[in-house]
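Position one of the sequence shown corresponds to residue 6 (our numbering), numbered consecutively onward.
The structure appears below as structure tokens.
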Amino acid sequence: MMIPLLQEAVDALSSVPGIGKVTAMRMALFLLRRPEEETLRMGNALIRLRTEARYCRICNMLSEEEICPICADSRRDRSTILVVENIQDVMSIEETGEYNGVYHVLGGVISPMDGIGPDDLPLDSLVERASSPEVREVIIAIGKGMAGETTSFYINRLLARTGVRVTAIARGVGFGDDLENADSLTLGMSIKNRTPLL
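This is how it looks when you write it as structure tokens:
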């Protein structure tokens, strides 16, 4: 029989996507065997992440400040905005070293089946940013599944009135692939060889 404290820990850990009850049990017991200060450090890191992290008011990237380090970096090319689905995509693209512009993180894609519509994404702020005279290109780097294609098409139509050039990353990233799962070389080449979005 499981004591309530252990059950509570297992329930909490198993609420993380990809973590089942058995893995959650292993993790809880592992943490229980670790030195107390190590487990407390891990717990405090998660608490600080949840209470102190925020989203950049410009691009929606995770940040410790009101403006993220990428948006605050004066060396970044502000004439190019790369639109991605999530924060992991920014991290994957940054690892390639092939892109020096700024980002716009959607936090999801249009998916009526999941109850996510255009109004649930920060598209108004993207149009506002793309309307700035300094912006010359918006690159769409969203996964190519049905929801990704729908979102890309919708963004392209929204941006048509701004007159900005809209491109998409090249097809080196496979159909339906997530950017975070692409290797750095493929992802870097996809950005370099981007094409106009029709």
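We put the beta carbon where it would ideally sit given N, CA and C, even for glycine.
All values derive from a computational prediction rather than experimental measurement.
Three-state class that DSSP yields for residue i in the structure shown
i	result
residue 139	coil
residue 111	coil
residue 13	helix
residue 83	strand
residue 147	coil
residue 18	helix
residue 126	coil
residue 121	strand
Closest by C-alpha distance to residue i, when choosing among the options
i	options	result
residue 56	69, 65, 129 and 63	69
residue 109	94, 40, 80 and 13	94
residue 134	63, 125 and 174	63
residue 89	53, 131, 119 and 50	131
C-beta contact flag for residue i and residue j at 8 Å
i	j	result
residue 106	residue 80	no
residue 121	residue 146	no
Where the beta strand (DSSP E) containing residue i begins and where it ends
i	result
residue 172	170-173
Boundaries of the alpha helix (DSSP H) in which residue i is found, first to last residue
i	result
residue 162	151-164
residue 46	41-57
residue 32	26-38
residue 22	Looking at the DSSP string, residue 22 is not in any alpha helix (DSSP H), and its letter there is neither H nor E.
residue 167	Residue 167 -> no alpha helix (DSSP H), and no H or E assigned at all.
residue 74	74-77
residue 97	92-101
Inter-residue CB distance, residue i and residue j (contact presumed, cutoff 8 Å)
i	j	result
residue 171	residue 143	5 Å
residue 98	residue 87	7 Å
residue 114	residue 156	4 Å
residue 11	residue 33	6 Å
residue 66	residue 92	6 Å
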